[in-house]
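The structure appears right after this line, and notes come after that.
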Amino acid sequence: MSTKTDTEVIIAGKVFTLSGYESEEYLQKVASYINNKVAEYNKVDSFKRQSLDTQNVLMQLNIADDYFKAKKQISLLEEEIQNKEKEMYDLKHELIASQIKLENMEKNIRILQKEANENGKKIVRLETELKELKK
Numbered sequence: 027m028s029t030k031t032d033t034e035v036i037i038a039g040k041v042f043t044l045s046g047y048e049s050e051e052y053l054q055k056v057a058s059y060i061n062n063k064v065a066e067y068n069k070v071d072s073f074k075r076q077s078l079d080t081q082n083v084l085m086q087l088n089i090a091d092d093y094f095k096a097k098k099q100i101s102l103l104e105e106e107i108q109n110k111e112k113e114m115y116d117l118k119h120e121l122i123a124s125q126i127k128l129e130n131m132e133k134n135i136r137i138l139q140k141e142a143n144e145n146g147k148k149i150v151r152l153e154t155e156l157k158e159l160k161k
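With the numbering used here applied, the sequence shown covers 27 to 161.
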């Protein structure tokens, strides 16, 4: 199990101590994400005119929206990966079937070539016998 990490971060100009089993870099990245959201919304006049409670709820809604959009994107990508894996599985089986078919055809070609050689020898022998009979 990982060790617990405590790190100080600055969010909206205030110092907070975050604790968790993630790395300090990860915790700083989370704080940076929140700071970017705060900065983004503080540029909007209509947001700044809202009460602090309303601002917090709007921020939470926006972060939840980001979360659910990311989760949906992950689901779509996982589904795409599954489809690609199935397609790859099907292609591998198709390749194996084609290889087996090719091996069987090559075997048949060798058999037919052997038969053709034997028939060629038989023709030469029969032609020789025929010449001898004509003499």
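Backbone N, C-alpha and C fix where the C-beta goes; we use that ideal spot for every residue, glycine too.
All values reported here derive from a predicted model rather than from experimental measurement.
How long is the line joining the alpha carbons of residue i and residue j, rounded to whole angstroms?
i: residue 119; j: residue 131; result: 18 Å
i: residue 125; j: residue 114; result: 16 Å
i: residue 79; j: residue 105; result: 39 Å
i: residue 103; j: residue 117; result: 21 Å
i: residue 86; j: residue 63; result: 10 Å
i: residue 145; j: residue 159; result: 20 Å
i: residue 147; j: residue 123; result: 36 Å
i: residue 53; j: residue 110; result: 34 Å
i: residue 154; j: residue 142; result: 18 Å
i: residue 151; j: residue 134; result: 25 Å
i: residue 100; j: residue 48; result: 21 Å
i: residue 98; j: residue 40; result: 33 Å
i: residue 69; j: residue 108; result: 42 Å
Which residues does DSSP pair with residue i in a beta bridge?
i: residue 40; result: 37
i: residue 46; result: 31
Quick one: what does DSSP say residue i is sitting in, helix, strand or coil?
i: residue 72; result: helix
i: residue 124; result: helix
i: residue 161; result: coil
i: residue 77; result: coil
Beta-carbon separation of residue i and residue j under 9 Å?
i: residue 36; j: residue 57; result: yes
i: residue 59; j: residue 81; result: no
i: residue 43; j: residue 50; result: no
i: residue 45; j: residue 29; result: no
i: residue 61; j: residue 96; result: no
i: residue 73; j: residue 84; result: yes
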